[in-house]
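Structure, as structure tokens:
Numbering (the working numbering), first residue to last: 2 to 212.
Shown next, in the form of structure tokens:
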């Protein structure tokens, strides 16, 4: 099969829009409220349509259905593992979860009602986890379990490195010190390990050549 590079690029870009929503806010390109209302919903629908239309394809790293469905599920599982790893530090005072209600405020364009702010913030957080999984699988062209596992780990650490180059810490009032860097890098390592495990089990188990 061909590499299907145009389709991979389309799916990658649609998933990346979840991150673009926040990055654009950092640099003043747009507000999360505007982007979240006007861009993310149709992008999410487009991904769902692509996944539905490709549901009859053979499973594996060459299938858009696999990229979107298994990528999103793997990203969600990894996001839960990421948060569970950070939870003990949060309970001991680390402000690692304080960004979630801020996400919600930026998406809502206000800080009330509180339940909606928190719901939107956490939903956006898990949206980013799903997006990371989708983006990763669009980059994979081999069904090797080793590549899927270690590739996911490297992908998660790469994203963390890129995130630290943005105004993320200062924007949310986080101290960019050794403790913060250790916690955020190790948490992304956990995310990568969980995503890699999922992809190895659910994608690498399919016996087919790369597409």
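In this text, a Cβ means the ideal position worked out from N, Cα and C, and glycines have one as well.
query	result
I'd like to know if the segment 148–167 and the segment 115–125 are in contact, where contact means that at least 3 CB-CB pairs between them fall below 8 Å.	no
Does the ligand MG have even one heavy atom less than 7 Å from the beta-carbon of residue 190?	For the structure depicted, the ligand MG is absent and the ligand set is empty, with no information on it obtainable.
Closest to residue 127 by C-alpha separation, out of 166, 82 and 90, would be which residue?	82
Our contact map puts residue 133 next to residue 76 with C-beta atoms below 8 Å; I'd like the distance itself, whole angstroms only.	5 Å
For residue 106, collect the residues of the same chain with a Cβ closer than 8 Å to its Cβ; drop the 5 residues on either side in sequence, then sort them by chain order.	112, 118 and 122
Within the segment 127–181, note down every full alpha helix (DSSP H) run reaching 4 residues or more, in order along the chain.	146–165 and 169–172
Report the CB separation of residue 129 from residue 19 in whole angstroms; it is logged as a contact under 8 Å.	5 Å
So residue 101 is in the alpha helix (DSSP H); what residue range does that whole segment cover?	100–109
Look at the Cβ atom of residue 36, then the Cβ atom of residue 167, and state whether they are nearer than 8 Å.	no
If I'm right that residue 199 touches residue 78 with Cβ under 8 Å, what's the distance once you round it to whole angstroms?	5 Å
Taking the C-alpha atoms as reference points, what is the distance between residue 23 and residue 206?	35 Å
Tell me which same chain residues have a C-beta within less than 8 Å of the C-beta of residue 182, skipping the five on either side of it?	165
Just to confirm my understanding: we take residue 70, look at its own chain, exclude 5 residues before and 5 after, and list those with CB closer than 6 Å. What are they?	52
Excluding the 5 residues flanking residue 103 on each side, which residues of the same chain have their C-beta closer than 8 Å to its C-beta?	122 and 173
So residue 184 and residue 90 are in contact, right, with Cβ under 8 Å, and what is the actual spacing, rounded?	6 Å
Let me know the secondary structure DSSP gives residue 226 once reduced to three states.	Look at the range of the chain in this structure, 2 to 212, and you will see that residue 226 is not part of it.
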